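Read through the structure below, which is laid out as structure tokens, and then see the notes.
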């Protein structure tokens, strides 16, 4: 199957409309498709005009593409260890004519410090694996398992590498699970990334939060702002107005 610019779709791949600037993305539903957490992170993260952004563990490139649509960042880089996902990301970049703005690099988050110059990014984003280790996994080599479990990198790997690659005063944005919030704060403190903003995400107003969005500043002064809760659903199948805004509907 052929699409724009003679970019081929491979088996089980599809094109999804991102509702932003006419941008689209190539995904494989048999492997791993981006979720709401990535979209919420792109809505929470900020990048000033002219900034350089790195997305660690970019998957199929959803966050760099959305951040390019909503900011005036000068250049965006996606780092992804799984070549199949990185390949889809590169083809999505070409599909959207963004090859001058977005670069996809195949590589390991644990080795990011050797792939990029120290203190070379103004903004770093990450939607890392949430689950600790390989508990309950039947196939640790599965693409979905790698995206969800800390098989190839840990939370400390993510935070330590981000700290080294951010310029002084640069900002780190991450989405994670609330049950690991204490660990997140300890690690941010250890690597001199000062938490500045936090927002808890709730599926419904009467349910417990299932995501947390965090912004940290390299070398910043202590002062954490906790933003109002973000509620996903007004009722089953119906988003709250803020969610429609984030998605661009």
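Numbering (this note's numbering), first residue to last: 12 to 260. Each residue gets a CB set at the ideal place from its N, CA and C atoms; glycine is no exception. Just so we're clear, the structure is a prediction, and the values are computed from it rather than from any experiment.
Under the three-state reduction of DSSP, which class applies to residue i: helix, strand or coil?
i, result
"residue 160", "Because residue 160 carries a pLDDT of 44, less than 50, the predicted location of this residue cannot be relied on, and the following value inherits that uncertainty. Of the three classes helix, strand and coil, the one that applies to residue 160 here is strand, per DSSP."
"residue 45", "coil"
"residue 89", "strand"
"residue 101", "helix"
"residue 19", "strand"
"residue 24", "strand"
"residue 55", "helix"
"residue 77", "helix"
"residue 126", "helix"
"residue 64", "strand"
"residue 94", "helix"
"residue 29", "coil"
"residue 109", "coil"
"residue 258", "helix"
Find the nearest neighbour of residue i within the set the options, judged by alpha-carbon distance.
i, options, result
"residue 133", "230, 242 and 181", "181"
"residue 61", "230, 222 and 82", "82"
"residue 22", "34, 222, 52 and 41", "41"
"residue 65", "43, 19, 130 and 32", "130"
"residue 234", "223, 252 and 204", "204"
"residue 112", "85, 135 and 255", "85"
"residue 221", "237, 186 and 198", "186"
"residue 195", "212, 169, 108 and 91", "169"
"residue 189", "166, 75 and 211", "211"
"residue 91", "107, 184, 218 and 70", "70"
"residue 10", "224, 255, 99 and 178", "A query on residue 10 cannot be resolved here, the shown segment of the chain reaching from 12 to 260 and no further."
"residue 135", "39, 207, 227 and 164", "227"
"residue 32", "80, 72 and 47", "80"
Rounded to the nearest angstrom, how far is the Cβ of residue i from that of residue j, given a contact under 8 Å?
i, j, result
"residue 175", "residue 30", "With 8 Å as the limit, residue 175 and residue 30 do not qualify as a contact, their Cβ atoms being about 35 Å apart."
"residue 18", "residue 126", "In fact, because the Cβ distance is near 26 Å, the residues do not count as touching under 8 Å."
"residue 209", "residue 253", "Wrong, their Cβ atoms sit about 16 Å apart, outside the cutoff."
"residue 78", "residue 58", "6 Å"
"residue 89", "residue 115", "5 Å"
"residue 138", "residue 74", "7 Å"
"residue 215", "residue 257", "Contact doesn't hold; Cβ gap of about 17 Å is too wide."
"residue 56", "residue 184", "4 Å"
"residue 107", "residue 201", "So it is not a contact: roughly 38 Å between Cβ atoms."
"residue 109", "residue 224", "With 8 Å as the limit, residue 109 and residue 224 do not qualify as a contact, their Cβ atoms being about 25 Å apart."
For the beta strand (DSSP E) holding residue i, just list the boundary residues, first then last.
i, result
"residue 133", "132 to 137"
"residue 39", "35 to 39"
"residue 114", "113 to 117"
Length at least 3, wholly inside the stretch 167 to 255: the beta strand (DSSP E) runs in chain order = 177 to 187, 204 to 213, 222 to 229 and 244 to 246
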